[in-house]
Structures are given as C-alpha cells and as structure tokens.
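One structure is given below, encoded as structure tokens.
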Amino acid sequence: MENNVSHALHILEEPVQYMALGFMVLMYIIKISQMLKKPVPPEKAELKGDRVVGAFDSLLNVLKPWSMESTRKNPFFYVEFMIFHIGVALTIGATFFIPLVPVLMTPAVSKVFMLFMGLAFLIGLRRIYRRLTVPEIRIISSPDDFFAITLMTVFFAVGFVAMSMWINGSPDTGWMWIFFLMTTFFLLYVPFSKISHYVLYPFGRINFGRTFGGRGVMNKKVKNSSWNPK
Amino acid sequence: MSEQADKLGAGDERKWPTKPEFTPEMLEEMEKLLPGKLNRVVAASLSGCIHCGMCSDACHYSVSIPEDKTLVPAYKADRFRKWYKSRYDWLGQIFPSFVGARKLDKELADDMYDKLWGACTMCRRCTFNCPMGVDYGMLVRAARGIMQQVGRVPQHLQDTVDTHHNSGNNMAVPRDEFIETMEWIEEELQDEEGCENFKIPVDKKGAQYFLTLNPREPKYYPLTIQASAKVLNAAGVDFTISSRYWDLTNYALFNGYDPDAKEFSMWQVEDVKRLGCEYLLAGECGHGYRSLRWELPNWVGGVPFKITSMMELLAKLVQQGRLKLDKSVWKSHRFTYHDSCNIARSGGIMEEPRIIINAATDDFVEMEHNRENSYCCGGGGGALAMPEFTPRRIAAGKIKADEIKATGADIVLQSCHNCTDQLKEIIEHYHIKAKVMNLAELLAPALVI
Numbered sequence: 022m023e024n025n026v027s028h029a030l031h032i033l034e035e036p037v038q039y040m041a042l043g044f045m046v047l048m049y050i051i052k053i054s055q056m057l058k059k060p061v062p063p064e065k066a067e068l069k070g071d072r073v074v075g076a077f078d079s080l081l082n083v084l085k086p087w088s089m090e091s092t093r094k095n096p097f098f099y100v101e102f103m104i105f106h107i108g109v110a111l112t113i114g115a116t117f118f119i120p121l122v123p124v125l126m127t128p129a130v131s132k133v134f135m136l137f138m139g140l141a142f143l144i145g146l147r148r149i150y151r152r153l154t155v156p157e158i159r160i161i162s163s164p165d166d167f168f169a170i171t172l173m174t175v176f177f178a179v180g181f182v183a184m185s186m187w188i189n190g191s192p193d194t195g196w197m198w199i200f201f202l203m204t205t206f207f208l209l210y211v212p213f214s215k216i217s218h219y220v221l222y223p224f225g226r227i228n229f230g231r232t233f234g235g236r237g238v239m240n241k242k243v244k245n246s247s248w249n250p251k
Numbered sequence: 252m253s254e255q256a257d258k259l260g261a262g263d264e265r266k267w268p269t270k271p272e273f274t275p276e277m278l279e280e281m282e283k284l285l286p287g288k289l290n291r292v293v294a295a296s297l298s299g300c301i302h303c304g305m306c307s308d309a310c311h312y313s314v315s316i317p318e319d320k321t322l323v324p325a326y327k328a329d330r331f332r333k334w335y336k337s338r339y340d341w342l343g344q345i346f347p348s349f350v351g352a353r354k355l356d357k358e359l360a361d362d363m364y365d366k367l368w369g370a371c372t373m374c375r376r377c378t379f380n381c382p383m384g385v386d387y388g389m390l391v392r393a394a395r396g397i398m399q400q401v402g403r404v405p406q407h408l409q410d411t412v413d414t415h416h417n418s419g420n421n422m423a424v425p426r427d428e429f430i431e432t433m434e435w436i437e438e439e440l441q442d443e444e445g446c447e448n449f450k451i452p453v454d455k456k457g458a459q460y461f462l463t464l465n466p467r468e469p470k471y472y473p474l475t476i477q478a479s480a481k482v483l484n485a486a487g488v489d490f491t492i493s494s495r496y497w498d499l500t501n502y503a504l505f506n507g508y509d510p511d512a513k514e515f516s517m518w519q520v521e522d523v524k525r526l527g528c529e530y531l532l533a534g535e536c537g538h539g540y541r542s543l544r545w546e547l548p549n550w551v552g553g554v555p556f557k558i559t560s561m562m563e564l565l566a567k568l569v570q571q572g573r574l575k576l577d578k579s580v581w582k583s584h585r586f587t588y589h590d591s592c593n594i595a596r597s598g599g600i601m602e603e604p605r606i607i608i609n610a611a612t613d614d615f616v617e618m619e620h621n622r623e624n625s626y627c628c629g630g631g632g633g634a635l636a637m638p639e640f641t642p643r644r645i646a647a648g649k650i651k652a653d654e655i656k657a658t659g660a661d662i663v664l665q666s667c668h669n670c671t672d673q674l675k676e677i678i679e680h681y682h683i684k685a686k687v688m689n690l691a692e693l694l695a696p697a698l699v700i
C-alpha cells in the first residue's frame, strides 16, 4: 500500500515524530544512567545458585505465567495483559510502518494490527473499570494511573479507526492526524509517566533474579551447588 | 583474661534515643538520610511499581484482614514511595498530586511508621508475586533504617538491639550464666539413656562446626539445645558452642541500622576465627540464618570460613545415614511444616526440612502454600518485638492458622524461634489443637542410639 498524504501530515508523521522520538530516547538515557549510577548491593556470600542464570530467568518472567502465583491464579488477567501489550507494540509499530514502510502494511497485516488494537481497546476499558471499582486497586491509583490507561485506550480506538480508513485507501484523514498527534504526545509524555515502566522492568527483574538466583531459591536444578557441608 | 577483655558487646553502654513522635527536625534529618539509602535495588523498587494490584493476594495482612484495604503491599510501600517521588520523580517534582507524590510531613511519616513497622514483616511474598520484581523487603528495611536513625522506632525492638550491642547477645545472658546453663544441659543430656558420653563442648578450638543459638534457647527453651546437642552427638558431629558470641540473632536486620548489623556480625566472625572452626553453623532461627548465611558476608566484606545451617546439616546427616531413626515414636501424630520466610523464600532452604521430616515420620502433610510460596506466619520482621502492633499481628496470622487447620496436623514443625512464638499464639487464638516443635525436637526422641 502507499502512503499518499499531504505535506503537512508528512511533516507530522516523520520529522516531528523523529524529534519527539529523539526527545524520548534522550530522557530514557538520562533515566537509565541515573539508575545505573546507584550502587549495587554487594554479594559476598557463598552462592547456592547462579546469579546470571537467575537474572536471565527473571527477565523472562513476563513470558512465564506459571512462575508467579499471582499470574497462575489469574490466567485471564495474564492473557489480557499479553494482548494489551502486544496491542501497544503493534499500535506504536504502526506509526512507524505506515510512513516508513507502507508496503508492509497490506490489508491482511493491517487487519491483524486492527484486531489487537480493538482487543487492547476493550481490555483498556476493562482495566479502567477495574481501577475505578475494585477497592484495593482504587486506593493505590494516582491520577497518572487513570490518565495513562485512558490515554492508551483512546489511542487504540483512534488507531483502529485510522487503520480501517487506511485499508480503504484513505491515508490522509482526520483520524490519522489525531493518531499521529497522539503518538507525538506519547513520545513526549511517556518518559515522565508510569508508561515508562518497561525501562525499569529490566532493573527490577535483574535485581530479583540475581538475589534469589544466587540463593538457590530460583533455578533449583542448578548443578554443582557450592553448598556441601561434610 | 582481664575484666575488660572479658566484657562482651560494645565498649560503650548505649540507650538509643527513641522518640514518641515525629518532629520537624526529625523530618528534616530524614530528608538528609534518604539519598544514602537509595541503592539500585531500593531505587528500582521505589520507581518500578505500576499499581497493578497483583500483590494484593500475596500478603498475609491483606488476605487475613481483607476489610482493611490499606494493608495491600502496594499501598503500604506507597507511604515511602510518595516521599521518594516528591524528590526524585520528574513529574512528581512539578505536579506531585498527579503521580501520587507527596512531601514528607508528619502525617505521611506517621503513616509510614504504622504501615512499615506494624503492617509488614518483610517476608517478600509480595516480591515473588510482583511482575516488576519490586523488592518490598529491601524497600521497607531502607525506610525503617531512616526512621530508626531519627529515633522513631518501636521501643522494644530497639531495646533488643541495644541489649545486643551492650551485652553481646540480645537477652543480656551473662557469660558465666551461659556456661553454667550449657553445663547443666550437658548433665541433663548425659542422664538420657545411651547419652552418657555425649558432650556440649564450649570453646573447643578447632571444632568443625561453630554452633550458634537463639538467646531464647538458653533463657527459656534449654530443651531445644539439648535436642540439638543430642542429634549432633549421635551423628558424631564435631561441634562447639562459644561462650562469647553464640547469639545468631541480628535484630538490626529488622530495624535497618547497618552499623549495628555489621558490628554484631563482626563479633561472630572474630569468634569463629578465634576458635578456628571450619563452619559457622546457624541454629534453628529464621532471620538468624539469613543474617549469618546471606547478609553477614556482605556486612563484613567476606569471611574465611563456610556458613551453613542446622537444617542443611541435619538433612545431610540423614542422607548419609549417620542418624538412625525410629519412626514408630511418632506414629500417632500428623505433622505439617511451616517454611520460615527467611529460611525458604529469602534463604533457599526448602527441601532439606522435608528430607529430615520424612526420615522421622510417615504422616507429613504439606500446607496449601509451602516452600517459597508459604505465607508468613506473622511473626517475622521483628513483629514479635513490637507489642504496640500485637492485635494486628495476631489477626494477620489467620491465613496461616487456616492452612494449619486444613492439614489436620497435631504437630507444626518449623525452624525459627520467632515463628515458634507466633505459631503458638495463633494456634491458641484460633483454637487449633496442635503443638509447635523444631526439627531437632522431632529427631531427638526418634534417635536409635
């Protein structure tokens, strides 16, 4: 497919996005470097397991719903989580594929994107409802929590509509304008929002894996444990 | 040996200046202390929570007291996180209320005190159920350390640490009294059939194992020392108990004050070196095991000996066939085992207790949640040393009481003295017909000598 758009929309889709993306990357570099400057607690105890294997295992935790009781007991919640995040990836991906490699966005591929956007939109609505109605979730929710999930949910809806028009041969629509304006806003806003949690995810998971991997709580099958009292 | 050299504990007599409430000066001091507590684990844990609520079912407080939503781990941690965000979160510095940030004031500090001392045992069950890997144990300890340093710490908990600092053990057992107790226990042990030659060697140089004890044992539960000594003797283990730094507890793990944690650890390290032992052997004590095995090497910068525990040693002795056991001794009893959080989840000892138990009995029933998934009994994190929070502690033990009841066991085994006391209290409170025992007490009567 071709992305025949006005010069103005082209500017929004490319140079403006690149600047916003550059800003986001810069903010992330600062955020990550600030975290990396923090001292790592030492580990001088004789280990029972492998800290590196533990860290790697822990990083993959997101793909192993059986590894935590909280996801084991709530498989539906986990499936929602996965679809939602695939929806996030595809929606953001669409904002790059459409202007840069429109040929990739065939009607079939676009429909797959739309499927996930639609499902993610519905899940977003459910998550907003959950945050409003479940007392233990409401009590921990900040305005940013509501704003972030609402923004994402609207983003999915706008993306869905813009993509449906794109499939029908109308790349330059008001919906596409909103879609890319929202993308630009996201790129600028996300580093300051809880949405940037994916940048912190590796830190938390690696910390966890190193600690409990080394102590033999995770990776129980690790061989050659150094523990061997006579 | 001169009297000064014989003095145990620190040279100075200390009474930590505790305060009944937060003052503006204390809040100002806390602001200065915060940056020093932010290592990468704590900082990532303070920044990383996404308020997904997955931790709400993981905490024994929030599960046992569901009507109080402020006991959800994320809410409790947010008392500290709000303050952190007001200083370090970019948006939190500009629009604090938008991201739930809040400057530290007396109300927030009071809330921190209530939730982080009195509603968290640092058991890390929520950590194991957090998709982001937030380490609540480390986060809460950092907050406690800040509050403790300005004097806002539960009095009895701090008294316990002060006593350890002043006396070399947390119950101020004098050295001569301790030696007498060991001699008396040894005599009692030798009175048992077949144990005439059993010894409790004190200060034996070059022994392989340096056995450490919880001060509750010489003070209130000498029979547990007798049971441990009987098992070790029966297996031919070369061990000794120091007359000096035999206390394996380290309540500075709970109050967050690292200089004390390091000091207590260093005394023990020097004592192991003095006797030239190969292993520092942690007795049956949850936080004591974790403190020695996993924290001590970091607090003192490494040690020239190995560190192990009674659970690991006993399991090895069973596997090596060095303990002959008669299961019929316990044939009319059903057992269950409570995994202490510091031994299992934070310590990695999960199968060893089961090896020991299965060697001594045929009727062992697991609780619904066991090993690293075990619920805290409610006695961890120094909770037993905070009487001001006792009603909440007992209420939070309900999930554990329910799980014990469901096993139909009449004996609850465990390897931790804080767990012992808490389990005894909740068993009585929730009307369960069961008694609480440690693993040495399980093995000792079943020994075939």
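One line per chain: the protein sequences are A and B, in this order.
If you're matching positions, the first sequence starts at 22 in my numbering and goes up one per residue.
If you're matching positions, the second sequence starts at 252 in my numbering and goes up one per residue.
All C-beta atoms in this analysis are idealised placements derived from N, C-alpha and C, irrespective of residue type, glycine included.
Just to confirm the assignment: which complete beta strand (DSSP E) runs, minimum length 3, are found wholly within the region 489-536 of chain B?
Here the runs fully enclosed are 490-492, 530-533.
Distance, Cα to Cα, R639(B) vs I645(B)?
Note that residue 639(B) corresponds to Glu in the displayed sequence, not to Arg. Near 12 Å, if we compare the C-alpha coordinates of I645(B) and E639(B).
From the DSSP output, read off the bridge partner residues of W453(B).
Just to set this straight, residue 453(B) is Val in the shown sequence, not Trp. Paired residue(s): I492(B).
Buried or exposed: where does T411(B) fall if 16 or more other Cβ atoms within 10 Å of its Cβ makes it buried?
T411(B) should be labelled buried.
Could you name the residues of chain A that V482(B) contacts, counting a contact when the two beta carbons are closer than 8 Å?
What V482(B) touches in chain A: nothing, since even the nearest Cβ is about 14 Å away.
Chain B contact residues for Y150(A), given Cβ-Cβ distances below 9 Å
The contacting residues do not exist; Y150(A) stays about 13 Å from chain B at best.
Among the candidates A503(B), V453(B), Y339(B), A325(B), whose CA atom is the shortest distance from the CA of Q409(B)?
Comparing Cα positions, the closest option is A503(B).
Would you grab the beta carbon distance between K288(B) and I397(B) for me? Rounded to a whole angstrom, and I think it's under 8 Å.
Confirmed, Cβ separation roughly 6 Å.
May I ask you to verify whether the region 547-557 of chain B touches the region 327-346 of chain B, counting CB pairs closer than 8 Å and requiring at least 3?
No, the region 547-557 of chain B is not in contact with the region 327-346 of chain B.
Limits of the unbroken alpha helix (DSSP H) element including L462(B):
Taken as a continuous stretch (DSSP letters only), L462(B) belongs to no alpha helix (DSSP H), being part of the beta strand (DSSP E) at 460-462.
Can you find a CB in chain B that lies within less than 8 Å of the CB of F117(A)?
No, because no Cβ of chain B sits closer than 8 Å to the Cβ of F117(A).
Span of the alpha helix (DSSP H) holding K228(B)?
Because residue 228(B) is not part of the residues shown, which for chain B are 252 to 700, the question remains open.
Roughly how many angstroms lie between the CA atoms of K635(B) and N421(B), to the nearest whole one?
Note that residue 635(B) corresponds to Leu in the displayed sequence, not to Lys. Rounded to the nearest angstrom, the two C-alpha atoms are 14 Å apart.
P555(B): contacting residues in chain A (beta-carbon distance under 9 Å):
Chain-ordered listing is empty here: chain A has no CB closer than 9 Å to the CB of P555(B), the nearest sitting near 11 Å.
Just confirm the distance between the C-beta atoms of I558(B) and L531(B), as a whole number of angstroms; I'd bet it's less than 8 Å.
With a beta-carbon spacing of about 5 Å, I558(B) and L531(B) fall inside the 8 Å limit used to define contacts.
Residues of chain A with CB under 7 Å from L504(B), in chain order?
The premise fails here: L504(B) is roughly 14 Å from chain A at the closest Cβ pair, so nothing lies under 7 Å.
For R544(B), which residues from the same chain have a beta carbon less than 7 Å from its beta carbon, with the 5 sequence-adjacent residues on both sides left out?
Taken in chain order, the residues that qualify are A533, I558, S560, G598.
Interface residues of the region 204-223 of chain A facing chain B [CB-CB below 8 Å]:
Cβ contacts with chain B come from P212, F213, S214, K215, H218, L221, Y222.
Along the chain, where does the beta strand (DSSP E) containing S191(A) start, and where does it finish?
Looking at the DSSP string, S191(A) is not in any beta strand (DSSP E), and its letter there is neither H nor E.
With C-beta atoms as the reference, is G75(A) less than 8 Å away from F233(A)?
In contact: G75(A) and F233(A) (Cβ atoms closer than 8 Å).
Strand pairing of S560(B), partner residues [DSSP]:
The partner list for S560(B) (beta bridge, DSSP) reads A533(B).
What residues in the region 367-383 of chain B bring their beta carbon closer than 8 Å to a beta carbon of chain A?
Answer in chain order: T378, F379, N380, C381, P382, M383.
What is the DSSP secondary structure of N24(A), counted as helix, strand or coil?
In the displayed model, N24(A) falls within coil according to three-state DSSP, outside both helix and strand.
Is N689(B) helix, strand or coil by DSSP?
DSSP places N689(B) in strand when its eight states are reduced to three.
Output, in sequence order along the chain, the residues in the region 59-71 of chain A whose CB is closer than 8 Å to any CB in chain B.
For the region 59-71 of chain A, which is checked against every Cβ of chain B, the residues closer than 8 Å are K59, P60, V61, P62, P63, E64, K65, A66, E67, K69, G70.
Just reading off the beta strand (DSSP E) that Y219(A) is part of, what are its end residues?
For Y219(A), no beta strand (DSSP E) encloses it; the enclosing alpha helix (DSSP H) starts and ends at 218-235.
Taking Cβ-Cβ distances shorter than 7 Å, what residues in chain A pair up with R544(B)?
Identification of chain A residues near R544(B) by a Cβ-Cβ cut-off of 7 Å yields A66, ordered along the chain.
Which term fits G388(B), buried or exposed, when burial requires 16 or more other beta carbons within 10 angstroms of its beta carbon?
G388(B) counts as buried, since no fewer than 16 other beta carbons sit within 10 angstroms of its beta carbon.
Simplified DSSP state of L701(B), which is helix, strand or coil:
With chain B represented from 252 up to 700, any question about residue 701(B) goes unanswered, as that position is not in the structure.
DSSP three-state label for T587(B), please.
Strand at T587(B).
Might you give, ordered along the chain, the residues of its own chain that have their beta carbon closer than 7 Å to the beta carbon of L125(A), omitting 5 neighbours on each side?
Cβ within range, chain order: F118.
From V323(B) to S307(B), what does the alpha carbon distance come to, in whole angstroms?
The straight-line gap from Cα to Cα measures roughly 5 Å.
Taking only three categories from DSSP, how would you classify N249(A)?
Low confidence applies to N249(A): its pLDDT is 49, below 50, so where it sits in the model is not reliable, and the reading given next is rough at best. Of the three classes helix, strand and coil, the one that applies to N249(A) here is coil, per DSSP.
What in chain A is Cβ-close to W341(B), meaning under 7 Å?
At a C-beta separation below 7 Å, W341(B) has these neighbours in chain A: F213.
Using a Cβ-Cβ cutoff of less than 6 Å, which residues in the same chain neighbour K675(B) once the five nearest sequence positions on both sides are dropped?
V687, listed in sequence order.
Which residues in the same chain have their Cβ closer than 6 Å to the Cβ of A220(B), if we skip the five residues on either side of it in sequence?
Look at the range of chain B in this structure, 252 to 700, and you will see that residue 220(B) is not part of it.
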